[in-house]
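Take 943 as the starting number for the sequence shown in my numbering and just add one per residue.
Ideal Cβ placement from N, Cα and C applies to all residues, glycine included.
Note that the structure is a prediction, hence the values are computed from the model and not measured.
Worksheet for the structure shown next.
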Amino acid sequence: MSAAIIDGKAFAATVREKVAVHVARLKQDHGIIPGLAVVLVGEDPASQVYVRNKGKQTLEVGMNSYEHKLDVSTSQEALLALIDQLNNDPAVHGILCQLPLPDHINEDLVINSIAPHKDVDGFHISNVGLLGTGQKSMVPCTPLGCLMMLRDHYEKKGESLSGKNAVVIGRSNIVGKPMANLLLKDSCTVTIAHSRTKEIEALCRGADIVVAAVGRAEMVTGDWIADGATVIDVGINRIEALEKGLKEDGSVKMKLVGDVDFASASQKAGAITPVPGGVGPMTIACLLANTVTACCRDNGLEEPEGLTA
Ligand code: GUN
């Protein structure tokens, strides 16, 4: 069997389109423009790329983008002062502080200093608690994107997530734990697997849904996957592409792969997200969705449909 491809790039475009329509309506009917502030401390190259893409896509959907690029030596106090200023700025509806932060800054302290209703990452302890108790919260972007794709996939088959056996591989605060909570909220039977889990292959073989978010290149192979299962690959790993030969300067070419071995898993799965072009594009689309949601909540307006958990 060869799996259907869940096209995250195309799905993300539809999410951004919905966001843009809602932003236009907010402007026209209420004179409100949602604003997203992104804070970057230091010059980590991957973070710089993410922040640039976030700013670009924020403007493309008609929202205001506020970028704050701080020197790597910025003190924790100065960063907290900036967040306090953004918390109190009525033009800012969403605040994202790009992680990781430099070692001299306490990440938890910074995350928990963001006003919960502006915490578009959904990392603040209040939002974690609200999600964990099934209450309305801001939801972390990557798991929200995975949930949207899963709901859409099953809806198209005339099914829902209710009663499905889901295994989430990875227990991070950013993906694994919130993903498990979201699937539980949609009435899946959820198991979180991690590096110490016994017989992880057999566990996965019993799953209707496998979400891989461990950060280990191509760890999940086809023999872990039940016939017809749905596989969501959150991993983004850069590995050597020896099959592509060498670059002109003699160095080895690189390629992006997920946590799932696509070649073998796609022979067993019913549907699978590719890397790249699967979960990746959904993360920023969901950040934009969260910002418009935060803006609506802040103004006591109806939330956009289909953009929240
Ligand atoms: N760094 C890697 N992923 C993320 C994310 O989802 N949010 C933030 N703030 N930083 C990140």
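key: Three-state secondary structure assigned by DSSP to H1066   = coil
request  = Decide if T1075 is buried, meaning its Cβ has at least 16 other Cβ atoms within 10 Å, or exposed.
outcome  = exposed
ask   = Would you say the beta carbon of L1038 comes nearer than 6 Å to a heavy atom of the ligand GUN?
value = yes
ask   = Quick one: complete alpha helix (DSSP H) runs, 4+ long, within the segment 1049-1119?
value = 1049-1053, 1067-1074, 1083-1098
request  = Return yes when at least one heavy atom of the ligand GUN lies under 6 Å from the C-beta of D1063, else no.
outcome  = yes
ask   = On the three-state DSSP scale, how would you describe R1180?
value = strand
query = With distances taken from CA atoms, which of T1133, K1098, N1069 is nearest N1107?
reply = T1133
ask   = Is it true that the CB of V965 sits closer than 7 Å to the CB of G1004?
value = yes
request  = Could you check the C-alpha separation between N1179 and V993 for me, to the nearest Å?
outcome  = 19 Å
ask   = Under a three-way DSSP split, which group does N1030 fall into?
value = coil
request  = Apply the 10 Å Cβ neighbour rule to N1232 and answer buried if 16 or more other Cβ atoms are within range, or exposed otherwise.
outcome  = buried
Pairwise C-alpha distance: G1200 and I1067 = 29 Å
task = Compare the Cα-Cα distances from G950 to each of G1105, E1019, V991, M1090 and report the closest residue.
result = M1090
request  = With a floor of 4 residues, list each alpha helix (DSSP H) that falls wholly inside the segment 984-1015, ordered by position along the chain.
outcome  = 987-1002
inquiry  = Looking at the ligand GUN, does it come within less than 6 Å of L1230, judged from the CB to the closest heavy atom?
reply    = no
task = Verify the contact flag: L1126, CB atom, against every heavy atom of the ligand GUN, threshold strictly below 6 Å.
result = no
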